Amino acid sequence: EVCGDCGAPDPAWASMNRGVLLCEECCSVHRCLGRHISQVKHLKKGAWCPGQLTMVHALHTSGANSIWEHLLLEPGQGKGARRKPSADDCLHPTKADFIRAKHQNLAFVHRPGRDEEPSQEDLSQQLHSSVRTANLETSLRLLAQGAQPGMLHPEKGSAALHMAARAGQSSQVELLLVYGADPTALDALGHSPADYAREAGHMDLAQRLEECQFEVTDRLAFYLSGRKPDHQLGQHFILPEMSDCLELSELAKVAKHKLQMLPDALFAELARDVHDEVDRRENDAIWLSTQSQSALVADRQSVPFLPVNPELSSTRNQGRQKLARLNAREFASLIIDILSEAKRRHLGSQHCGPSSLSDDEPLYDSVASDEENSQSFQGECCPCSAQTAQLWEQVSQLERSQAALRHELEALRASHRSPARAAAPRAPPPPAPSPPPATLRRPSQRPQSMCEWRQLGAFPNNMPRDDSGLGQMQSGQWSHASGDYDNSLEPLRASSGSPAVGELPSYPEVIARTERITKRIQELLLSAREGRRECFLPCTENILQASLDMGALFVRGGQGPLGAALRQLLESARRLQREGRANPETQQLIQCAYDVAKAAKHLVMAYPAPPQQAMQAGEGSHLWQH
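Numbers 1 to 626, taken from the UniProt record's numbering, label the letters of the sequence shown in order.
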């Protein structure tokens with residue numbers, strides 16, 4: 001075995017996503033490129049999953065290095081062609097420049113002509129077939145050319161990871177995971193890759209796919225405690241304790257509160273960045289342990305902080321690099337806080353620790369067993385508790401608000417049917433300033449867990465990464481992967497100015513759709529009152545569908561108060577559905593339902609109704625005060 005970049009014997013490092021082995025000198029350049037280019041790990045001292053190590057050795061043996069050096073290996077190269085460095089060449093600039101050209105610029109990868117260049121869909125379908133075999137080199141070549149591991153086959157409705165799992169190709173599974181395949185992705189029939197592996201009798205592979213869903217949190221826990229959770233026993237998180245746990249300062253309490261208030265998308269970005277910093281610190285410690293003192297003095301390839309990723313915003317790159325300034329204790333505290341928050345969000349509960357802990361105390365608790373979780377859940381749902389009594393009071397208040405809405409709508413409908421309405425002309429609403437347009441994206445059909453690979457894991461270098469940095473949260477601008485606004489409101493955009501009445505749907509249609517939303521909310525409230533948590537998700541989806549039906553009436557959308565009310569209705573309904581998918585507390589779900597009802601009321605109030613109806617609606621608006 002030799003180094004894939006210079007041919008030096010006995011390489012001690014490996015690049016997982018490139019499938020090559022590396023000597024120490026070449027590895028130092030790879031580390032400076034960053035994980036978005038090359039994911040390096042020490043062959044003996046790194047923490048390997050057995051399947052990953054097998055995959056890397058198989059790629060190296062099959063000649064995967066030729067993928068990255070294709071043009072260098074073509075016959076007929078002239079004297080002016082680029083020469084591959086040897087082990088005796090100096091690291092700077094000979095080896096370093098070659099490695100950057102090879103791995104960062106992909107200067108030697110085969111590029112087909114314009115006429116014969118396959119589409120991304122063709123490459124992905126070829127990958128769909130290739131992963132069913134043991135030919136890793138072909139799969140890596142397709143991934144290097146741009147095949148997307150998460151793309152569903154148009155006819156079979158499954159992704160490449162599903163096929164590799166069914167065929168029991170563990171090395172293919174590991175390769176796809178390194179390149180960003182989602183272990184929780186569902187096929188057209190709602191089956192996950194683990195389901196495919198389990199159905200085919202590959203139980204070890206199914207277990208591995210389930211563990212990959214917690215890739216990042218497992219890595220963080222192992223960094224602090226040297227232990228990993230036993231997912232087969234239902235233990236998904238390990239929360240290490242600080243040896244000298246002191247009372248939190250006021251600044252620490254504020255920081256913990258801000259962490260809890262982060263939207264899911266930004267929290268996932270922070271967890272990914274901390275994961276990359278853990279990888280840098282681990283490799284740095286291994287690197288220093290393998291170097292002699294003379295080599296340390298002459299080493300020009302130290303990595304004091306995370307390298308810049310040009311696909312991320314400058315704000316986020318600065319935040320990633322500032323993680324290196326944290327000392328060991330500060331960094332450990334940050335990791336524990338992230339693990340605690342990830343567990344809280346995964347379980348969908350307000351507190352993941354014992355009930356004796358207050359909000360002001362750190363959540364450095366031990367992992368609860370299944371029996372303890374069951375007892376805690378039963379205690380939270382006890383109808384005799386004061387918290388539950390307060391919750392039902394809020395349910396009653398929301399029901400009263402819904403009753404007020406129903407009466408108000410009935411009054412408006414009666415006014416609409418009266419003969420006076422036929423004689424009264426429609427009065428256009430007064431002009432109002434338009435809200436800023438929002439370019440939002442429709443979410444995927446599966447829930448986004450806080451511990452999935454796609455949310456917390458590393459991204460491949462050939463796939464775009466979200467560049468909505470933490471600093472953009474305050475400006476209110478969100479990228480396409482932001483968790484707060486992940487549905488498209490494209491049909492709701494309108495031209496400048498308020499829409500004319502003739503462009504809007506008829507008033508009876510708006511009333512009918514609003515009553516449908518009200519009915520769906522009442523079904524959710526009834527389920528909450530009876531404690532039927534299994535009905536929460538279907539009810540929230542029904543509310544979302546009823547809200548989308550309302551939005552479908554407004555083909556041209558709207559601006560001013562009407563457009564803002566319509567956008568608020570859809571955003572509230574989608575937020576309610578996300579809470580239902582995350583298995584939240586009943587209190588939070590009811591609050592989101594109340595937001596939907598309030599937005600529906602604002603939509604009715606903003607509709608350009610005749611003067612008589614507007615007056616009646618205004619007289620009944622006091623019934624909506626909560």
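Built from N, CA and C at the ideal position, the CB exists for glycine as well. These numbers were taken from a predicted model, which means no experiment stands behind them.
| query | result |
| --- | --- |
| Among 102, 43 and 8, the one whose alpha carbon lies nearest that of residue 88 | 8 |
| Alpha-carbon to alpha-carbon, residue 336 and residue 189 | 38 Å |
| Which listed residue (176, 147, 271 and 521) has its alpha carbon closest to that of residue 214 | 271 |
| Residue 607 classed as buried or exposed, judged by whether at least 16 other C-beta atoms fall within 10 angstroms | buried |
| Beta-carbon proximity of residue 593 to residue 576, cut-off 9 Å | yes |
| Chain-order list of residues whose beta-carbon lies under 7 Å from that of residue 130 (same chain, five-residue window excluded) | 138, 139 and 142 |
| Inter-residue Cα distance where the pair is residue 20 and residue 123 | 23 Å |
| Closest Cα partner of residue 186 within the set 92, 162 and 340 | 162 |
| Backbone CA spacing between residue 319 and residue 25 [nearest angstrom] | 28 Å |
| The segment 157 to 177 in contact with the segment 52 to 61 per 3-pair CB rule at 8 Å | yes |
| Of the listed residues 345, 282, 65 and 313, nearest to residue 667 (C-alpha basis) | Outside the modelled stretch of the chain, which goes from 1 to 626, sits residue 667, for which no answer is possible. |
| Spatial distance of residue 2 from residue 86 (CA atoms) | 11 Å |
| C-beta atoms of residue 589 and residue 528 nearer than 9 Å | yes |
| Through-space distance from residue 542 to residue 574, alpha-carbon basis | 11 Å |
| Alpha carbon of residue 196 to alpha carbon of residue 581, nearest angstrom | 23 Å |
| Beta-carbon proximity list for residue 126, same chain, < 6 Å, skipping 5 on both sides | 142 |
| Proximity to residue 22 [Cα-Cα], best of 49, 95, 155 and 71 | 95 |
| Bridge partner(s) assigned by DSSP for residue 140 | DSSP output for residue 140 lists no bridge partner at all. |
| Cα-Cα separation between residue 287 and residue 103, rounded to whole angstroms | 21 Å |
| The segment 201 to 217 touching the segment 305 to 320, judged by at least three CB pairs closer than 8 Å | no |
| Beta carbon of residue 100 nearer than 9 Å to that of residue 29 | yes |
| Candidates 307, 135 and 551: closest to residue 32 by CA position | 307 |
| Euclidean distance between Cα positions of residue 259 and residue 106 | 38 Å |
| Limits of the alpha helix (DSSP H) - the one that residue 288 falls within | 264 to 289 |
| When 595, 252, 60 and 156 are compared against residue 571, the one with the closest alpha-carbon | 595 |
| Delimiting residues of the alpha helix (DSSP H) encompassing residue 600 | 586 to 606 |
| Pairwise C-alpha distance: residue 233 and residue 338 | 22 Å |
| Nearest candidate by alpha-carbon position, reference residue 569, set 148, 254 and 513 | 513 |
| Local Cβ density within 10 Å of residue 113, reported as buried at 16 or more and exposed below that | exposed |
| Alpha-carbon to alpha-carbon, residue 602 and residue 554 | 15 Å |
| Neighbourhood of residue 18 by C-beta, 7 Å cutoff - its chain only, sequence neighbours within 5 removed | 38, 68 and 103 |
| Selection from 81, 239 and 108 that minimises the alpha carbon distance to residue 344 | 239 |
| Simplified DSSP assignment, three categories, for residue 41 | strand |
| Range of the contiguous beta strand (DSSP E) that encloses residue 15 | 13 to 15 |
| One or two residues paired with residue 22 in a DSSP bridge | 13 |
| Strand pairing of residue 2, partner residues [DSSP] | 9 |
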